[in-house]
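Asker:
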Amino acid sequence: MKIAIGADHGGFNLKKDIVGLLEELGHEYKDFGTHSAESIDYPDVAIPVAEAVAAGEFDRGILICGTGIGIGIAANKVKGIRAALVHDSFSAKATRQHNDSNIMTLGERVVGPGLALDLVETWLDTSFEGGRHSNRVDKMSAYESK
1 MKIAIGADHG GFNLKKDIVG LLEELGHEYK DFGTHSAESI DYPDVAIPVA
51 EAVAAGEFDR GILICGTGIG IGIAANKVKG IRAALVHDSF SAKATRQHND
101 SNIMTLGERV VGPGLALDLV ETWLDTSFEG GRHSNRVDKM SAYESK
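Here is the structure:
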């Protein structure tokens, strides 16, 4: 699977851990930055990751900031993106099964690295169920094209 990954300064350290997991699992990835703990604005990373996922250059994306909230709001401004903030295993699985999320957002200040790695692995291993959920996802897609 091809993964686009990025973080602002608030998610820089957790991003390094997740990149290690992606390498361990054999996923191809591109790191969109940031490459230091120096302060940056999260849209500067979220938008390029979201555009690359929406364009089909990557299968999914992972974005990290301090809370996972701001970077997710920015990503969701891009047409075709369904970014979901995840804090627990149930949500990591459900957002893939029911919402076909294509970007996962995490907060480095909210979840520790051990949990974060479990959440990433769960999210990557879970497929969209389709069926009754497809109608809901299709309604969201139709609305964003207006």
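Residue numbers for the sequence shown follow the UniProt record's numbering, beginning at 1 and rising by one. Don't be surprised by glycine CBs; every beta carbon is placed ideally from N, CA and C.
Express the C-alpha separation of Ile64 and Phe12 in angstroms, rounding to a whole number.
Answerer: Spanning the two alpha carbons is a distance of roughly 8 Å.
Asker: What residues are listed by DSSP as bridge partners for Tyr29?
Answerer: Ile3.
Asker: Provide the residue span of the alpha helix (DSSP H) that contains Ile73, from first to last.
Answerer: Unbroken alpha helix (DSSP H) run through Ile73: Ile69 to Ala75.
Asker: Our contact map puts Gly10 next to Glu108 with C-beta atoms below 8 Å; I'd like the distance itself, whole angstroms only.
Answerer: At roughly 6 Å, the Cβ-Cβ gap stays under 8 Å, so Gly10 and Glu108 are in contact.
Asker: Under three-state DSSP, which class holds Arg96?
Answerer: Of the three classes helix, strand and coil, the one that applies to Arg96 here is helix, per DSSP.
Asker: Rounded to the nearest angstrom, what separates Phe128 and Glu28 at their Cα positions?
Answerer: Rounded to whole angstroms, Phe128 to Glu28 spans 21 Å at the Cα level.
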